[in-house]
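Per this note's numbering, the sequence shown runs over residues 2 to 152. Here a beta-carbon is modelled for each residue, glycine too, at the ideal position from N, C-alpha and C. In what follows, a structure is listed as structure tokens, so that the remarks can point back to it.
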Amino acid sequence: MLVVSLFRLSHNYFVLLMHQFIVENVEIMLFGHIFRFIEFGNDGGPAAKTLKPKFNLFVKLVSKNTGLGVPHIDIKTVIAATMFLKGFGGLLFIVSSSFGAFLLLIYLAFITPIVYDFYNHEMESTLFVDLFFKFIQNLAFMGALLFFLGM
């Protein structure tokens, strides 16, 4: 009985620490998110200029490997959707909403393979290592969100 109580206590403490860590990271993301919203403009802002080549390369890679045609998606729509998922999901997650965690999970699942495209670089390059590390870090965030959703 004591072991079960200690396990529950340690599990609850772990969940509390994990939630606090994720909330702190989400708050940091949301602070930067305000500036992205201001910079959006008519063309999608600097985020569109950075994401467009990577997004187009990812679409070509998916089309080539699956043999399926991917319909044209305007980069401004992609940027607006990611801003919504990250911003609204982050706000809901801060108040311990499972729907917010789900929105953040969708955001990470969509944006991680596009932004951190380590597979387009040589394994010996430092860029490969940096992108791969950030890719794995986002996978860990996805795992933490799945853990949160499973509680």
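Comparing alpha-carbon positions, which option in G151, F111, E125 lies nearest L140?
On the sequence shown, position 139 is the one that residue 140 refers to. For L140, the closest C-alpha among the options G151, F111, E125 is that of F111.
Is it right to say I137 is buried, meaning 16 or more other beta carbons lie within 10 angstroms of its own, or is it exposed?
The count along the sequence shown starts at 1 and reaches residue 137 at position 136. Of the other Cβ atoms in all chains shown, fewer than 16 fall within 10 Å of the Cβ of I137; this residue is therefore exposed.
Taking just the CA atoms, how far does F59 sit from D118?
Numbered from 1 along the sequence shown, position 117 holds the residue referred to as residue 118. Numbered from 1 along the sequence shown, position 58 holds the residue referred to as residue 59. C-alpha separation (whole angstroms): 8 Å.
For G91, report the span of its alpha helix (DSSP H) as first-last.
Working through the sequence shown from its first residue, we reach residue 91 at position 90. 76-95 is the span of the alpha helix (DSSP H), which, as asked, contains G91.
Measuring straight from C-alpha to C-alpha, what distance separates F94 and A102?
One-based indexing of the sequence shown puts residue 94 at position 93. One-based indexing of the sequence shown puts residue 102 at position 101. Put simply, the backbone Cα of F94 is about 5 Å away from that of A102.
Contact check, G88 vs L105 under 8 Å by CB: the rounded distance?
Numbered from 1 along the sequence shown, position 87 holds the residue referred to as residue 88. Numbered from 1 along the sequence shown, position 104 holds the residue referred to as residue 105. L105 and G88 do not touch by the CB rule: their CB atoms are close to 10 Å apart, not below 8 Å.
Please report the straight-line C-alpha distance between L132 and V96, rounded to a whole angstrom.
What you label residue 132 is simply residue 131 of the sequence shown in a count that begins at 1. What you label residue 96 is simply residue 95 of the sequence shown in a count that begins at 1. Taking the CA atoms as reference points, L132 sits about 31 Å from V96.
Can you give me the start and stop residues for the alpha helix (DSSP H) that P54 sits inside?
Residue mapping note: residue 54 aligns to position 53 of the sequence shown, counting from 1. It spans 46-67 - the alpha helix (DSSP H) in which P54 sits, taken as one unbroken run.
Beta-carbon within less than 8 Å of F129's beta-carbon, same chain only, minus the 5 sequence neighbours each way: which residues are those?
On the sequence shown, position 128 is the one that residue 129 refers to. F119, H122, E123.
With the cut-off set at 8 Å, would you say M84 and L109 are in Cβ contact?
Stepping through the sequence shown from its first residue, residue 84 is reached at position 83. Stepping through the sequence shown from its first residue, residue 109 is reached at position 108. Cβ atoms of M84 and L109: not closer than 8 Å.
What does the Cβ neighbour count give for F100, buried or exposed, with the cut at 16 atoms within 10 Å?
Locating residue 100 in the sequence shown gives position 99, counting from the first residue. Taking all protein chains in view, the Cβ of F100 is surrounded by fewer than 16 other Cβ atoms within 10 Å, so the residue is classified as exposed.
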